[in-house]
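Residue numbers (this note's numbering), protein chains in the order written: chain A, 1 to 503; chain B, 504 to 951; chain C, 952 to 1076.
C-beta: ideal position from N, C-alpha, C; glycine also.
Worksheet for the structure shown next.
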Amino acid sequence: MNIERTTISGARGLDRDEPLSFEQDAPGRTGVDLPAAPDAPDRLGSLRRQGGIGLPGLAEPQVVRHFVRLSRMNYAIDYGLYPLGSCTMKHNPRLNERLARLPGIGDVHPMQPQSTTQGVLRLMSELAHWLTELTGMATVAMTPGAGAQGEMCGMMAIRAAHEARGEPRKRVLVPESAHGTNPATAAICGYEVDSIPATADGRVDMAAFEAKLGPDVAGLMLTNPNTCGLFERDIIRIAELIHGVGGYFYCDGANFNAIVGKVRPGDLGIDAMHINLHKTFSTPHGGGGPGSGPVVFSEALALYAPLPKVVQRDGRYELIEQEDGPRVGRMKGFHGQFGMFVRALAYMQSHGRDGLKQVAEDAVLNANYVMEKLKDLLPPAYPGPCMHEVLVSDRGLDGTGVETMDLAKALIDEGYHPMTVYFPLIVHGAMLIEPTETETRETLDSFIRVMRGLVEQARAGEETEYFKAAPVMTPRRRLDETLAARKPVLRWVPEAPVAEAAE
Amino acid sequence: MRYLPQTPDDRAAMLSAIGVGNIDELFRDVPAAVLNAPIDSLPDHQGEMAVERHFQGFARENLSPASAPCFIGAGAYHHHVPATVDHLIQRSEFLTSYTPYQPEISQGTLQYLFEFQTQVALLTGMDVANASMYDGATATSEAVLMAHRITKRKKSVISGRLHPHYRETTETLLRFTPYDLEIRDPVIGGQGGLAEAIDKDTACVVVQNPDVFGEFKDLTGLAEACHAQGALLIVAVTEVVSLGLVTSPGEMGADIVTAEGQSLGVPLSFGGPHVGLFACRQKYVRQMPGRLAGETLDADGKRGYVLTLNAREQHIRREKATSNICTNAGLCALAFCIHVTLLGEAGMTGLAEVNHRTASLLAERLTALADVKLLTEHFFNEFALDIGRPAAPVVEALAALGILGGVPASRLFPGEPSLENVLILAATETVSEADIDRLVSALQEISA
Amino acid sequence: MSDRKYTKDHEWIDVSGGEATIGISDYAQDQLGDVVYVDLPDVGQQVEKGAEAAVIESVKAASEVYAPATGEVTARNDALDDNPALVNESAEADGWFYRMKLSNMSDLDGLMDAEAYAAFVEALD
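Here it is, written out as structure tokens:
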């Protein structure tokens, strides 16, 4: 018997809406008990704030409930498969959280005298060793705050190298399929961006690439495996060609998960590569951050890697914070995203070199399995085996009226976070699926069954209205992004007092 | 291996389903010479216990505020993080979720970002704030770039009393742009001559308040001087708790405020990850870098939140983006948001008061010592002393006595001999009177 | 009927005396989807034929609008600041972008008339 019910409270069992903290204010309520302020003179006088700040008062139980209720409106890796291509949504080991919080690790102040921080400096040094060994590169700059900052660090090193030679260059070559951070970074470094098209099999068009080479090319920014999930077969030749004109080879390491422990970027001729610790090395995505983007450098660029860096001298570790010379300057405050270093090193030590090689193999195996089982309904955009992610176009939905966006939203009702959609831009209605190595065959089979079922329903043409309206089972239905952009409301404001009607 | 669920049977079955004999057939696009390169110098996998032991080894080699009174500030502050904060940020749905690109299943993240943006705007006294940046230093450098975009002018004037990390980060970001930075000297006290340096070619003036030596000033006059010339005033705040007590930068006339939010909810963690705050006037909102959460309605007319004004960002504008930034501080922004929610109005102002009076007491006790002079008249919870002798060896000697006794200015300004005897100290609510007694005795012992 | 001309980049341009009014075509607004913001040039700004004069933003994209001729901007459509939806509702009338004083009338040589533009758009699909 199907019973409809509208509740009095508006809640739906364990699901409910949650107002803003600002809408739950009780003046004077607080969730902390502070120590008494000592009796000492006021040093600020007229510089003190005159009015209130406007923060709401809640006690601890209310605060806990508020955030627990908010959390229940989020999907998470801990909840289910998150097949976002290019994001590497693998399991985040809990051991890493415990270690990051150890007293003597999580609470060390960055400006303590170095004699008191030998342990954390040693930790950074060990991580640097893992990173250079895994990549076969000469040195690593640990400080960039995330992947995009790592790109900036690498490209600035390239520019510094040319300037040191008295050979300033104008252009950077970037494939059409590149992630948006690549051209944005090149522009900040003062370069013109020159786009290289892809071939029919999803790789850099070598003829077009060679035609664009010249003595004014500073370098190439390439992702490998590329954003189509494919290994650039010609990569060694690409490196030779860029070096041949005196340029440098920057590699976007976002897809390192496909080759970690199996291929060393240094062996491919790469001069600089950022590594996303929050992708390949499992540091948590935390709803959008924090990240960490250390950059490995070849001998050719090692001189330009920014400070601070950790060195070993006479059995002691030292953090070098200042040095005259041609290095790229400081990237951010202090010494890098140390909390993420702890987690990444724990991940590396847990897996070891044998485990990391297995990571790459299982990641590639899982993606190819998904590709194989979907290919009759959703043909891959490019032929051949894929690496750790598979790219399909929306050809399988042709004529159905259902678009990639609609399929993704239906997947949400099925209990999955959608794959990456509409990236890379070179494939129409792109869907980029990256299962990662921490998923079981059973999970993949379930996902495949659902994807096949949805595509078949789309083709049958009877559920089109549903697809256009999906999702229908989530805390919120599709949200009006046009309204949000036309009339941006970016904060809560207190309601104006109601004007009394003049009478 | 505990994180890799595929068994040999699974792998065999999957390879068979794909139609290949072994895994390396899937790697056939990789040149044979570079596939499966041996990585001899790294160990094989280990269990949890072994890894934990290894990390406890690291921990033992450090002194930390867990076991030593901490008087160090200089851009990061040792505060008490309530137990609730760390507990809530470890909820799976916060820890292991992604950027909220699918808003229907990310309302948790989007709503807390909206609350965070509101908190930052209120604390800084500004109209709008973004969903956070990597840290205060990078936020400040992005603010300078933004000022150049808005004014289309060539020059920025940077106070010499801006934290050197903030200054250096800004120099790096602007290095290959056509913009010039005029950097003033780090003179303690005095006016610094900033207002005189502003002209029609100035995009912005950047000051830190309280400054790197702890001095807090009324910037209203400086704001007026900037605006008279059409330049923007950017104010950087390294100790966000100060905003619970002092006149906000917004009230003083700032156009952009950047800050380090680490003091609220985020552990020191040897310098990162922290959380950059970024707020500005309403009219500049489309020039603001970073993510923004905005309010809207869903298909049923219910209030909800989405990432908005995306067209500014790298994934759309590519080389014309306002910044190349992709991630925000995520979980650190959540920690800040939870801590501020716990504090509320009463807690925020109360916490600031405890910090201020504790530092005031510390200053009183230290200036009673021979040869010690206070160099910052108006401060919040951090101040500079001239201790009459080189400060760096004193800090080392204090460390040997188990005290984290501040930062020598020479570490922040290595090329400045005039700052050799200057010691910068902070005192937060974590400092007790017993801690202060211990520091005072230790200093007396060292001077003897 | 007006002497409205169209460019290959889907802008329209009306000329009267030495002054031109510029906007985007109805086809263009349809392709862009919901317009959320238009970044218009300032009055007094110099624009160059073929260079970026304005940027039009939808939720998922930002498109450059190029100047069809060289000259000085004499007016901008302030109504678009608060109501960018005008571009979708009335691209070829109320949704105009800016006016400019033309430096060279010859810049307009080779632009399409309404009929030629309609044929051009037909051929695209």
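Requested in this report: Examine the Cβ distances between the stretch 67 to 82 of chain A and the stretch 327 to 338 of chain A and report whether three or more of them are shorter than 8 Å.
Outcome: no
Query - A/Ile105 - DSSP class collapsed to helix/strand/coil - result: coil
Query raised in the report: Which term fits B/Glu936, buried or exposed, when burial requires 16 or more other beta carbons within 10 angstroms of its beta carbon?
Result: exposed
Query raised in the report: Mapping DSSP to helix, strand and coil, what is A/Leu378?
Result: coil
Report task. At 4 residues or longer, and completely inside the stretch 689 to 744 of chain B: list those alpha helix (DSSP H) runs for me, N to C. Result -> 723 to 731
Report task. Consult DSSP for A/Trp492 and reduce its assignment to one of helix, strand or coil. Result -> coil
Query - For A/Pro175, three-class secondary structure by DSSP - result: strand
Requested in this report: Could you check what DSSP says for B/Gly807 in three-state terms: helix, strand or coil?
Outcome: strand
**Report entry** B/Gly666 (DSSP reduced to helix, strand or coil)
**Finding:** It is His, not Gly, that sits at residue 666 of chain B in the sequence shown. Three-state DSSP puts B/His666 in coil, outside helix and strand.
**Report entry** Short CB-CB distance (under 9 Å) between C/Tyr1049 and chain B
**Finding:** no
Requested in this report: Report the three-state DSSP secondary structure of A/Met419 (helix, strand or coil).
Outcome: coil
**Report entry** chain A within 9 Å of C/Ser976, Cβ atoms only
**Finding:** no
Query raised in the report: Start and end of the alpha helix (DSSP H) containing A/Ile236?
Result: 235 to 244
**Report entry** A/Ser46, buried or exposed, once every other Cβ within 10 Å from all chains shown has been counted against 16
**Finding:** exposed
Query raised in the report: With 9 Å set as the bound, which would you pick, yes or no: does the beta-carbon of A/Glu500 sit closer than that to a beta-carbon of chain C?
Result: Any reading at A/Glu500 must be qualified, since the residue scores a pLDDT of 38, below 50, and its modelled position is unreliable; no value is offered.
Query raised in the report: Can you tell which of B/Gln732, B/Val857, B/Arg687 has its C-alpha closest to the C-alpha of B/Lys703?
Result: B/Gln732
Report task. Apply the 10 Å Cβ neighbour rule to A/Pro383 and answer buried if 16 or more other Cβ atoms are within range, or exposed otherwise. Result -> exposed
Query raised in the report: How many angstroms separate the CA atom of A/Ala501 from the CA atom of A/Arg491?
Result: Reliability fails at A/Ala501, whose pLDDT of 36 lies under 50, so the model's placement of it is uncertain and the value that follows must be treated cautiously. Using only the alpha carbons, I get a separation of about 29 Å.
Query - Inter-residue CB distance, A/Val370 and A/Pro380 (contact presumed, cutoff 8 Å) - result: Not quite, the Cβ-Cβ distance comes to about 10 Å (not below 8 Å), so this is no contact.
Requested in this report: Please report the residue range of the beta strand (DSSP E) in which B/Phe781 lies.
Outcome: 779 to 783
Query raised in the report: Are there three or more Cβ pairs, one per stretch, closer than 8 Å when the stretch 103 to 116 of chain A is compared with the stretch 764 to 775 of chain B?
Result: yes
Requested in this report: Compute the Euclidean distance between the alpha carbons of A/Met340 and A/Glu232, then round it to the nearest angstrom.
Outcome: 30 Å
Requested in this report: Could you give the DSSP three-state label for A/Leu99: helix, strand or coil?
Outcome: helix
Query raised in the report: So, using beta-carbon positions, are A/Ala485 and B/Thr811 closer together than 9 Å?
Result: yes
Query raised in the report: Should A/Ile259 and A/Phe249 be called a contact, given that it needs their Cβ atoms to be closer than 9 Å?
Result: no
**Report entry** For C/Gly1022, the residue or residues it bridges with in DSSP
**Finding:** C/Val998, C/Leu1053
Query raised in the report: Which term fits A/Val493, buried or exposed, when burial requires 16 or more other beta carbons within 10 angstroms of its beta carbon?
Result: exposed
Query raised in the report: DSSP on A/Cys153, reduced to helix/strand/coil?
Result: helix
Query raised in the report: What's the gap between the Cα of C/Gly1001 and the Cα of B/Phe530?
Result: 47 Å
Report task. Can you have a look at B/Pro920 and say buried or exposed, based on whether 16 or more other CB atoms are within 10 angstroms of its CB? Result -> exposed
Query raised in the report: Among the residues of its own chain, which have a CB less than 7 Å from the CB of B/Gln790, if the five just before and after it don't count?
Result: Met649, Arg652, Ile653, Thr825
Requested in this report: Just the chain A side, please: which residues come within less than 7 Å of C/Asp985 by C-beta, in chain order?
Outcome: Thr482
Query raised in the report: Does the count of Cβ pairs from the stretch 668 to 681 of chain B and the stretch 635 to 646 of chain B closer than 8 Å reach three?
Result: yes
Query - Min CB distance B/Tyr787 to chain A below 9 Å - result: no
Requested in this report: Could you name the residues of the same chain whose beta carbon sits closer than 7 Å to that of A/Gly396, not counting the 5 residues immediately before and after it, in chain order?
Outcome: Leu377, Leu378, Pro379, Val455
Report task. Confirm, please, whether the CB-CB distance from B/Ile701 to B/Ile952 is below 9 Å. Result -> Here chain B has residues from 504 to 951 only, and residue 952 of chain B is not among them.
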